[in-house]
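Undergrad:
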Amino acid sequence: LPPAERVGFAIVGLGRLALEEILPAFGESKKARPVALVSGSPEKMKVAAAQYGIDPASCYDYAGFDRIRDNPAVKAVYVVLPNGMHREYVERAARAGKHVLCEKPMATGSADAQAMVDACAAAGVKLMVAYRIQYEAYNLRLASFVRQQTFGRLVGMSAINVQTVAENGAQQWRHKRALSGGGSLPDIGLYCLNTARFLTGEEPVEIFASQYSPPNDPRYAEVEETVSFTLRFPSNLLVNCFTSYGARDDKHQRLNFEQATVDMPNAYLYRGQRMTVIQRQGNATGQTELVLQQPNQFAEELDHLAECVIGNQRPRTPGEEGVQDHKLMEAIYRAAESGQTVRL
Ligand code: NDP
Numbered sequence: 003l004p005p006a007e008r009v010g011f012a013i014v015g016l017g018r019l020a021l022e023e024i025l026p027a028f029g030e031s032k033k034a035r036p037v038a039l040v041s042g043s044p045e046k047m048k049v050a051a052a053q054y055g056i057d058p059a060s061c062y063d064y065a066g067f068d069r070i071r072d073n074p075a076v077k078a079v080y081v082v083l084p085n086g087m088h089r090e091y092v093e094r095a096a097r098a099g100k101h102v103l104c105e106k107p108m109a110t111g112s113a114d115a116q117a118m119v120d121a122c123a124a125a126g127v128k129l130m131v132a133y134r135i136q137y138e139a140y141n142l143r144l145a146s147f148v149r150q151q152t153f154g155r156l157v158g159m160s161a162i163n164v165q166t167v168a169e170n171g172a173q174q175w176r177h178k179r180a181l182s183g184g185g186s187l188p189d190i191g192l193y194c195l196n197t198a199r200f201l202t203g204e205e206p207v208e209i210f211a212s213q214y215s216p217p218n219d220p221r222y223a224e225v226e227e228t229v230s231f232t233l234r235f236p237s238n239l240l241v242n243c244f245t246s247y248g249a250r251d252d253k254h255q256r257l258n259f260e261q262a263t264v265d266m267p268n269a270y271l272y273r274g275q276r277m278t279v280i281q282r283q284g285n286a287t288g289q290t291e292l293v294l295q296q297p298n299q300f301a302e303e304l305d306h307l308a309e310c311v312i313g314n315q316r317p318r319t320p321g322e323e324g325v326q327d328h329k330l331m332e333a334i335y336r337a338a339e340s341g342q343t344v345r346l
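And the structure:
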């Protein structure tokens with residue numbers, strides 16, 4: 003679309019994700035453009051506004067955010083704040099009459115997430131959760147393998163998302179429960195959970211889980227370090243998930259089909275996914291490396307909401323999807339605390 007017809011986005015919170023991935027991704031978007039910024043840091047905002055050609059009059063601080071209502075260039079608001087602030091800014095955006103894209107995890111619990119869905123419905127605006135893996139080319143291809151049974155029935159899946167949080171140690175908002183809602187599970191383990199649901203199109207019916215945090219480490223005074231959980235789906239597919247802040251980075255996804263193993267060593271990265279299909283060929287094992295075109299996931303995500311706004315359609319990853327993940331994460335914590343299998 004020519005620039006004037008693109009859907010104008012306001013970006014709320016100029017942290018690492020917004021500055022390093024989202025704002026640059028607008029350069030690869032075809033239907034969205036950045037038209038406003040919201041930040042607590044005027045200096046940082048001035049630099050970003052100049053870099054992306056945003057009118058200084060469309061730069062807001064948090065207290066002045068509600069004035070966005072009077073800015074007709076802004077059609078959608080992208081909330082990229084710490085998780086504990088998502089609800090407030092999604093609700094304020096909805097009250098200003100703007101469509102909303104909200105970063106994952108949607109909130110810090112299912113009750114808040116449901117309130118956000120209700121607020122956007124009441125305001126008549128769209129609400130989408132930024133589950134970028136559902137817009138990523140290799141994972142989309144994998145979903146078609148699962149759903150079309152290309153390699154027969156999917157019997158098992160293992161999903162690992164491990165990442166160290168380097169910045170500021172215990173002072174990082176990710177280690178403060180009020181701002182994060184939890185530790186590795188809602189931050190990165192959520193990719194394992196949401197991707198398993200996305201790939202299969204099924205909802206888990208049973209959950210078993212276990213968790214661990216090193217004692218006396220201030221980073222884990224409020225949130226957990228490590229969670230392992232197993233999901234049983236109605237088709238009897240069993241999915242093993244593992245997430246942690248304590249070990250070296252690893253984002254490995256492996257799917258065991260009747261007739262093939264599909265291996266993705268870096269399934270949840272921002273870019274550079276790889277996929278190997280391992281199949282028996284006669285008495286030998288054949289490996290095929292799939293090479294797909296891979297558009298920028300963030301640009302795909304921005305364009306999806308833009309298309310939904312233009313065509314008045316429901317996003318593929320609506321708020322309800324976030325509510326469901328929060329309910330499931332609450333069930334994972336219940337399973338871990340009780341040591342019992344939780345039936346849903
Ligand atoms: P950062 O800490 O880098 O940035 C958060 C920004 O929020 C800050 O820079 C600040 O922006 C603003 N902010 C306002 N109030 C606070 C506060 N009390 N404490 C800290 N920051 C505050 O976080 P990320 O960019 O890593 O994460 C932001 C959101 O994006 C989270 O919900 C996270 O889960 C999600 N995320 C998603 C990813 C994905 O792949 N989809 C990857 C990484 C994060 P300012 O200075 O402009 O006011």
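When we follow the numbering used here, the leftmost residue of the sequence shown carries the number 3, and every step to the right adds one.
Even for Gly, the Cβ is constructed at its ideal location relative to N, Cα and C.
Tell me the residue span of the beta strand (DSSP E) that contains H101.
TA: Counting along the chain, the beta strand (DSSP E) containing H101 begins and ends at 101 to 104.
Undergrad: Of the residues M47, R221, V9, R282, which one's Cα is nearest the Cα of K178?
TA: The candidate whose alpha carbon is nearest that of K178 is R221.
Undergrad: Among G313, V229, I209, which residue has its Cα nearest to the Cα of E7?
TA: Looking at the Cα atoms, G313 is the closest of the given residues.
Undergrad: Between the Cα of M87 and the Cα atoms of G15, C243, I56, L304, which residue gives the shortest distance?
TA: The candidate whose alpha carbon is nearest that of M87 is G15.
Undergrad: Buried or exposed for P317, going by 16 or more other Cβ atoms inside 10 Å?
TA: Buried, because 16 or more other Cβ atoms sit within 10 Å of the Cβ of P317.
Undergrad: Does any heavy atom of ligand 1 sit closer than 7 Å to the C-beta of M277?
TA: No, ligand 1 has no heavy atom inside 7 Å of this Cβ.
Undergrad: Who are the near neighbours of E204 in its chain, counting only those whose CB is closer than 8 Å to its CB and skipping five residues on each side?
TA: Around E204: F235, P236, S237, L239.
Undergrad: Could you check the C-alpha separation between A124 and M118 for me, to the nearest Å?
TA: Using only the alpha carbons, I get a separation of about 10 Å.
Undergrad: Within the same chain, show all residues whose beta-carbon is closer than 7 Å to that of V127, passing over the 5 residues directly before and after it, in chain order.
TA: Cβ neighbours of V127 beyond the five flanking positions: A96, G99, K100, H101, V102.
Undergrad: Helix, strand or coil: which one does DSSP assign to P2?
TA: Because the chain here runs from 3 to 346, residue 2 falls outside it and cannot be looked at.
Undergrad: Does the distance from the C-beta atom of L292 to that of E208 stay below 8 Å?
TA: The answer is no: Cβ separation not under 8 Å.
Undergrad: Would you decide whether Q342 is buried or exposed? Buried here means 16 or more other CB atoms lie within 10 Å of its CB.
TA: That one is exposed.
Undergrad: Could you tell me which residues DSSP pairs with P217 in its beta bridges?
TA: P217 pairs with nothing; no bridge assigned.
Undergrad: Could you tell me which whole beta strand (DSSP E) segments of length 3 or greater appear in the stretch 20 to 86?
TA: Listed in chain order, the complete beta strand (DSSP E) runs (minimum 3 residues) inside the stretch 20 to 86 are 34 to 40, 78 to 81.
Undergrad: Going by DSSP, what residue range makes up the alpha helix (DSSP H) through G324?
TA: Here the alpha helix (DSSP H) through G324 covers 321 to 340.
Undergrad: Quick check on D63: buried or exposed, where buried means 16 or more other Cβ atoms within 10 Å of its Cβ?
TA: Result: exposed.
Undergrad: Kindly list the residues whose CB is nearer than 7 Å to the CB of P58, restricted to its own chain and excluding five residues on each side of it in sequence; keep chain order.
TA: Counting only Cβ-Cβ distances below 7 Å, and skipping sequence neighbours, we find A51.
Undergrad: Following the continuous alpha helix (DSSP H) through R250, name the residue where it begins and the one where it ends.
TA: Note, R250: premise wrong, no alpha helix (DSSP H); not H, not E.
Undergrad: Alpha carbon to alpha carbon, what distance is there between A172 and A301?
TA: Approximately 32 Å, taken between the alpha carbons.
Undergrad: Nearest by alpha-carbon distance to D219: which of R199, F231, Y247, P267 is it?
TA: Answer by Cα proximity: Y247.
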